[in-house]
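K.L.:
Take a look at the following structure, please.
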Amino acid sequence: MRIVQKDFCISTKNRNELIDITSQVSSVVRQSGITNGDVIIYCPHTTAAITINENADPSVGHDILLTLEELVPHHRPGYRHSEGNADAHCKSSIIGCSKQLLIKDKSVVLGTWQGIFFCEFDGPRSRTVKIQIRGE
Amino acid sequence: MRIVQKDFCISTKNRNELIDITSQVSSVVRQSGITNGDVIIYCPHTTAAITINENADPSVGHDILLTLEELVPHHRPGYRHSEGNADAHCKSSIIGCSKQLLIKDKSVVLGTWQGIFFCEFDGPRSRTVKIQIRGE
Amino acid sequence: MRIVQKDFCISTKNRNELIDITSQVSSVVRQSGITNGDVIIYCPHTTAAITINENADPSVGHDILLTLEELVPHHRPGYRHSEGNADAHCKSSIIGCSKQLLIKDKSVVLGTWQGIFFCEFDGPRSRTVKIQIRGE
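Same order as they appear, the protein sequences are chains A, B and C. Note that the first sequence covers residues 1 to 136 in our numbering. Note that the second sequence covers residues 137 to 272 in our numbering. Note that the third sequence covers residues 273 to 408 in our numbering.
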């Protein structure tokens, strides 16, 4: 059993944005030399998240952000957090700050249409993604 | 440390549906012979998800689907994805495509009322569930 | 590779409440003696959840609970579950009953502002949190 930990950085350009990080994660997995196991993709930020969804048609990402903005408006009567980004914190807890994927035959196991996305909800910012791979 | 990977298939019958897969997951865990560790239940589809919730009263599943349909309507002005299932992609990201459970004494650790559900949001379809068990 | 399992109990005081359990989780990780690996924080209840979010400003927790109550009202026309806590079950599936964190140099890896919260949606109650640590 081996454990490999690696971080990488991304720069986001908009307040709300989905950034496809599938190739970065796949690359870290390949370089680890691990054949079977799993990979955790962890976001150490409280106004961002990680999700798995379709990366063939960029409209899907658009529609996810649209839905989240309708459900969690930027300004809601009653918000107490004074930094003006209460909505971003709420979206982070709804989507979740980490995801876990399987590794088989030295590759990340993804469905035909699945990609891995970093979800920015309070950009633009410089962000870190933490990767941990475990396996044999 | 051993890693056991296994898939199983299910057929969904409705557009939105929660299917209790607790017995299939428990069976794969028992057959693995692993005493202590964890199990990842992974959905490789972008219009479906996995959740843990009450499986004693089927009303709970009904109320979860009702809530999701109220929050994420099938047709929302502004959706761009042309396949007519933007809502299903959004629900998948809100609920999440995988869950992780503990294994103790050769059994899946579940609370008194907890069961494992495959969440179909764009059925009916044939679906695959991927299971990975790690432990000793 | 070692696996350490430990439970702890908490008492919640309100129907909806976020309780910071970062110090309890960190303490279990330190006592495990594991240097590198991960920790699963698992809630065995169907009307509660686990989330990671800011614990510096308590307004953030307030705003998350406010948002969830706006999205998932206590009484929604159409709920079928007869115990009066259908909303709590829905919130549990939206937030998720477990989270996973990395362990590095014998400590839980958390971003600057991140803390670990037990989310009570149907309190007050006595609740159990299950911890599993894996690593070397």
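By construction, the Cβ of each residue, glycine as well, lies at the ideal position given by its N, Cα and C atoms.
(1) Among B:Phe-257, B:Pro-213 and B:Leu-207, which has the Cα closest to the Cα of Leu-348 (chain C)?
(2) Output needed in chain order: residues of the stretch 104-136 of chain A with a Cβ under 7 Å from some Cβ in chain C.
(3) State yes or no: is the C-beta of Ile-322 (chain C) nearer than 7 Å to some heavy atom of the ligand COA?
(4) If we ignore side chains and look at the alpha-carbon of each, how far apart do Leu-66 (chain A) and His-89 (chain A) end up?
(5) Tell me Cys-391 (chain C)'s beta-bridge partners as DSSP assigns them.
(6) Using C-beta distances below 8 Å, list every residue in its chain close to Gln-236 (chain B), excluding the 5 sequence neighbours before and after it, in chain order.
(7) Using DSSP with H/G/I as helix, E/B as strand and the rest coil, what is Leu-68 (chain A)?
(8) Sort A:Gly-84, A:Asn-55 and A:Cys-43 by Cα distance to Ser-331 (chain C) and report the nearest one.
(9) State yes or no: is the beta carbon of Gly-33 (chain A) nearer than 8 Å to at least one beta carbon in chain C?
(10) Would you mind telling me which residues of chain B sit closer than 9 Å to Cys-281 (chain C), beta carbon to beta carbon, in chain order?
(11) Go through its chain and collect everything with a Cβ distance to Gly-368 (chain C)'s Cβ below 8 Å, but skip five positions before and after it.
(12) Where does Val-196 (chain B) fall in DSSP's three states?
(13) According to DSSP, is Ile-231 (chain B) part of a helix, a strand, or is it coil?
(14) Looking at the unbroken beta strand (DSSP E) that takes in Thr-264 (chain B), where does it start and where does it end?
(15) So, under 8 Å CB-CB, Thr-12 (chain A) and Arg-134 (chain A) are touching, yes? Tell me the CB distance rounded to an integer number of Å.
(16) With Ile-282 (chain C) and Ile-291 (chain C) assumed to form a contact (beta carbons below 8 Å), what rounded beta-carbon distance in angstroms separates them?
(17) Determine whether the beta carbon atoms of Ile-252 (chain B) and Thr-183 (chain B) lie at a separation below 8 Å.
(18) At 9 Å on the CB atoms, spell out the chain B contacts of Ile-293 (chain C), in chain order.
(19) Note down, in chain order, each residue of its chain lying with its Cβ closer than 6 Å to the Cβ of Phe-280 (chain C), except the 5 sequence neighbours on either side.
(20) Check Arg-166 (chain B) in the structure and name its three-state DSSP category.
(21) Are the CB atoms of Pro-180 (chain B) and Leu-110 (chain A) nearer to each other than 8 Å?
(22) Consult DSSP for Val-380 (chain C) and reduce its assignment to one of helix, strand or coil.
(23) If I'm right that Phe-393 (chain C) touches Ser-364 (chain C) with Cβ under 8 Å, what's the distance once you round it to whole angstroms?
(24) Looking at C-alpha atoms only, which residue of A:Lys-6, A:Ser-26 and A:Ala-56 is the closest neighbour of Trp-113 (chain A)?
P.N.:
Taking the coordinates as given:
(1) One detail in the question is off: residue 348 (chain C) reads as Arg in this sequence, not Leu. Of B:Phe-257, B:Pro-213 and B:Leu-207, the residue nearest in Cα terms is B:Leu-207.
(2) Cβ contacts with chain C: Lys-130 and Gln-132.
(3) Absence of the ligand COA is noted for the structure shown, with no ligands found whatsoever.
(4) Going by the C-alpha atoms only, they are around 16 Å apart.
(5) According to DSSP, which records beta bridges pairwise, Cys-391 (chain C) is partnered with C:Leu-290 and C:Ala-321.
(6) The answer, listed in chain order, is Asp-174, Val-175, Ile-176 and Ile-177.
(7) If DSSP states are grouped into helix, strand and coil, Leu-68 (chain A) belongs with the helices.
(8) Looking only at A:Gly-84, A:Asn-55 and A:Cys-43, the smallest Cα-Cα distance to Ser-331 (chain C) is reached by A:Gly-84.
(9) Closer than 8 Å: no.
(10) Here the premise fails: no neighbours, minimum Cβ distance about 14 Å.
(11) Same-chain partners within the cutoff: Ala-321, Ile-322 and Thr-323.
(12) DSSP places Val-196 (chain B) in helix when its eight states are reduced to three.
(13) In this structure, Ile-231 (chain B) counts as helix in the three-state DSSP scheme.
(14) Taken as a continuous stretch (DSSP letters only), the beta strand (DSSP E) holding Thr-264 (chain B) covers 262-271.
(15) About 28 Å; that fails the 8 Å criterion.
(16) Yes, they are in contact, since the Cβ atoms of Ile-282 (chain C) and Ile-291 (chain C) sit about 6 Å apart, within 8 Å.
(17) Not a contact, by the Cβ cut-off of 8 Å.
(18) Near Ile-293 (chain C) there are no residues of chain B at all, since even the closest Cβ is about 17 Å away, more than 9 Å.
(19) Excluding sequence neighbours, Phe-280 (chain C) sits near Gln-296 and Val-401.
(20) Shown here, Arg-166 (chain B) sits in a helix according to DSSP, grouped into three states.
(21) The Cβ-Cβ distance between Pro-180 (chain B) and Leu-110 (chain A) falls below 8 Å.
(22) Reduced to three states, the DSSP call for Val-380 (chain C) is strand.
(23) Indeed, because the Cβ distance is near 6 Å, the residues count as touching under 8 Å.
(24) Per the Cα distances, A:Ala-56.
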